[in-house]
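Peer 1: Heads up: take any position in the sequence shown, counting from 1, add 2, and you land on my numbering.
Dumping the structure here so I can ask a few things about it.
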Amino acid sequence: MRDSELQIDRNCHVLYSTPCKKEILAKIALHYPEAEWETVWEKVQRQYAVFLSDWRTDLGGKKNFHNGVGGTYDCIAIMCYYDVCRDVTTFREIEEMEEKLILPTFRKLKFVDCNKPFWRKLMYKAFVRAKSGCDKWHDYEMTVAPYEKN
Numbered sequence: 003m004r005d006s007e008l009q010i011d012r013n014c015h016v017l018y019s020t021p022c023k024k025e026i027l028a029k030i031a032l033h034y035p036e037a038e039w040e041t042v043w044e045k046v047q048r049q050y051a052v053f054l055s056d057w058r059t060d061l062g063g064k065k066n067f068h069n070g071v072g073g074t075y076d077c078i079a080i081m082c083y084y085d086v087c088r089d090v091t092t093f094r095e096i097e098e099m100e101e102k103l104i105l106p107t108f109r110k111l112k113f114v115d116c117n118k119p120f121w122r123k124l125m126y127k128a129f130v131r132a133k134s135g136c137d138k139w140h141d142y143e144m145t146v147a148p149y150e151k152n
């Protein structure tokens with residue numbers, strides 16, 4: 003089944019990312035014979051549609067910053083893969099998939115001395131902005147302490 007044929011409400015949901023799809027297809031290829039790849043992938047896609055039909059509709063779709071690569075919808079797709087393939091996959095493989103999708107963003111960050119005033123102020127502003135996004139979409143609860151100049 004092509005991704006465009008997937009029966010999901012695209013007004014409030016988005017599709018999993020391409021890297022997520024590639025990761026799931028690689029795991030399917032690892033555990034199943036080639037003749038079954040397409041069938042298993044379709045089961046994962048159908049499970050994704052089932053999960054989203056019952057899922058919250060206030061996650062913000064493509065406008066929400068949590069819904070990019072390694073975001074909310076990739077996690078849902080990984081859960082669908084696990085649900086369909088739990089007999090052949092391990093928890094460690096699921097962790098590896100998450101590491102490949104989520105951790106690259108954090109690896110790009112450089113370590114800085116967060117105790118210096120400039121970086122503290124910058125981090126405070128970044129977290130306040132992230133909190134405003136969370137408050138707007140009501141998808142995550144987040145609290146930010148007031149900025150202290152000392």
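All C-beta atoms in this analysis are idealised placements derived from N, C-alpha and C, irrespective of residue type, glycine included.
What do you reckon, are the CB atoms on Y84 and L17 nearer than 8 Å?
Peer 2: Residue 84 sits at position 82 when you count from the first residue of the sequence shown. Residue 17 sits at position 15 when you count from the first residue of the sequence shown. Their beta carbons are not under 8 Å apart, which means Y84 does not touch L17 by this criterion.
Peer 1: Taking 6 Å as the limit between beta carbons, can you name the residues of its chain near M99, skipping five residues before and five after?
Peer 2: As a working mapping, residue 99 is identified with position 97 in the sequence shown. Cβ within range, chain order: E25 and I80.
Peer 1: Would you report the Cα separation of E38 and C87, rounded to the nearest angstrom?
Peer 2: Along the sequence shown, one-based indexing puts residue 38 at 36. Along the sequence shown, one-based indexing puts residue 87 at 85. So the alpha carbons of these two residues sit roughly 12 Å apart.
Peer 1: Rounded to the nearest angstrom, how far is the Cβ of I10 from that of L54, given a contact under 8 Å?
Peer 2: As a position in the sequence shown, residue 10 is number 8, starting the count at 1. As a position in the sequence shown, residue 54 is number 52, starting the count at 1. Taking C-beta atoms under 8 Å as the contact rule, I10 and L54 qualify, at a distance of about 5 Å.
Peer 1: Is the separation between the beta-carbon of M3 and that of Q47 shorter than 8 Å?
Peer 2: Taking the sequence shown and counting its residues from 1, one reaches residue 3 at position 1. Taking the sequence shown and counting its residues from 1, one reaches residue 47 at position 45. Against a cut-off of 8 Å, the Cβ pair of Q47 and M3 comes out as a contact.
Peer 1: Please report whether the beta-carbon of P148 lies at a distance below 8 Å from any beta-carbon of chain B.
Peer 2: Looking for chain B here will not work: only one protein chain is present.
Peer 1: How many Å lie between K102 and W121 at the Cα?
Peer 2: Within the sequence shown, residue 102 is the residue found at index 100, counting from 1. Within the sequence shown, residue 121 is the residue found at index 119, counting from 1. Approximately 28 Å between the Cα atoms of the pair.
Peer 1: Taking the alpha helix (DSSP H) that A147 falls in, what are its first and last residues?
Peer 2: Residue mapping note: residue 147 aligns to position 145 of the sequence shown, counting from 1. Where A147 is concerned, there is no enclosing alpha helix (DSSP H), given that its DSSP letter is neither H nor E.
Peer 1: Return the first residue and the last residue of the alpha helix (DSSP H) that R48 is part of.
Peer 2: Here residue 48 corresponds to residue number 46 of the sequence shown, with the count starting at 1. R48 -> alpha helix (DSSP H) spans W39 to D56.
Peer 1: Within the same chain, show all residues whose beta-carbon is closer than 6 Å to that of E143, passing over the 5 residues directly before and after it, in chain order.
Peer 2: Taking the first residue of the sequence shown as 1, we reach residue 143 at position 141. Counting only Cβ-Cβ distances below 6 Å, and skipping sequence neighbours, we find nothing.
Peer 1: Smallest Cα separation from L27: which of E7, T91 and T145?
Peer 2: What you label residue 27 is simply residue 25 of the sequence shown in a count that begins at 1. Measuring from the Cα of L27, the nearest candidate turns out to be T91.
Peer 1: Grab me the residues of V130's own chain with a C-beta within less than 7 Å of its C-beta, minus the 5 sequence neighbours each way, in chain order.
Peer 2: Numbered from its first residue, the sequence shown carries residue 130 at position 128. Correct list, in chain order: V146.
Peer 1: Just tell me which of S19, K123, K29 and H15 has its CA closest to the CA of D141.
Peer 2: As a first step, residue 141 must be located in the sequence shown, where it is residue number 139. Among S19, K123, K29 and H15, the Cα nearest to that of D141 is on H15.
Peer 1: Quick check on the DSSP output: the alpha helix (DSSP H) that includes T2 runs from which residue to which?
Peer 2: The shown model of the chain, from 3 to 152, leaves out residue 2, and the question about it has no answer.
Peer 1: Within 10 Å of its beta-carbon, does C116 have 16 or more other beta-carbons around it, so buried, or fewer, so exposed?
Peer 2: Translated into the one-based positions of the sequence shown, residue 116 becomes position 114. C116 is exposed by the Cβ-count criterion.
Peer 1: What is the C-beta distance between A51 and L8, in whole angstroms, given that I count them as a contact (C-beta under 8 Å)?
Peer 2: Looking up residue 51 in the sequence shown gives position 49. Looking up residue 8 in the sequence shown gives position 6. Indeed they touch by this definition, with Cβ atoms about 6 Å apart.
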